[in-house]
Amino acid sequence: GFPLLGTALTWFVYDVVSWGVGSYTSSIFASSTRAGTIWYMLLINVMATPGFVLTFWMGVFGRRAFQLVGFLGMALCLAVVGVSFGQAPQVLLVIVFGLQKIFDAAGPGATTFIIPGEIFPTRVRASCHGISAAAGKLGAFVGMYNFPSVEHAL
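And the structure:
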């Protein structure tokens, strides 16, 4: 029904973005040196840490609220990066992208896995979680396959 459609679609959308953008982050933020690129990647991933800490309050504010705010924050940050790519200083883009990682870690990075494991009755839980995860894997393929075209269009 609708809960399965909801968990499958959110996992699909999340993985389109997560794997599509995530797999090409080192080329998006490539530096003139290998060490510079590694530094950007390290900085971006360390910036996600507050998002992981925020998940401790998920029980207070609710999984759906975290998922919604996470998706909206990710969309806003990625829109800023997309619109200003090539125009804004790379350091500023790294900061905005790092902020996106906070929304990712606190939001759909956690909730797309948690929600399907909680909302379905025990007798169908594993099947529904598996279908939702499979939709995510399809999203990962779509994101990784299409990202080079999107990047080229920018």
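The opening residue of the sequence shown carries number -2 in the numbering used here; numbering runs sequentially from there. Where is the CB? At the ideal position from N, CA and C, for every residue including glycine.
**Message:** Within 8 Å, do at least three Cβ pairs link the stretch 96 to 116 to the stretch 58 to 73?
**Reply:** Contact between the stretch 58 to 73 and the stretch 96 to 116 is present, with at least three C-beta pairs closer than 8 Å.
**Message:** I'd like to know if the stretch 129 to 146 and the stretch 6 to 17 are in contact, where contact means that at least 3 CB-CB pairs between them fall below 8 Å.
**Reply:** Counting Cβ pairs under 8 Å, three or more are found: they touch.
**Message:** Let me make sure I understand the geometry here. Which of 17, 0, 11 and 1 has the alpha-carbon closest to that of residue 141?
**Reply:** 17
**Request:** Determine the DSSP secondary structure at residue 108, reduced to helix, strand or coil.
**Result:** helix
**Asked** In angstroms, rounded to a whole number, what distance separates the CA positions of residue 43 and residue 36?
**Response** 10 Å
**7 Å CB neighbourhood of residue 49 in its chain, flanking five on each side removed** = 102
**Asked** Looking only at C-alpha atoms, which of 0, 61, 145 and 72 sits nearest to residue 98?
**Response** 72
**Request:** From the DSSP output, in three-state form, read off residue 45 for me.
**Result:** coil
**Message:** Given this structure, state the Cα-to-Cα distance separating residue 75 from residue 15, to the nearest angstrom.
**Reply:** When rounded, the distance between both Cα atoms is 11 Å.
**Prompt:** When DSSP labels each residue in this structure, what does residue 59 get in the three-state scheme?
**Reply:** In the three-state DSSP reduction, residue 59 falls in the coil class, being neither helix nor strand.
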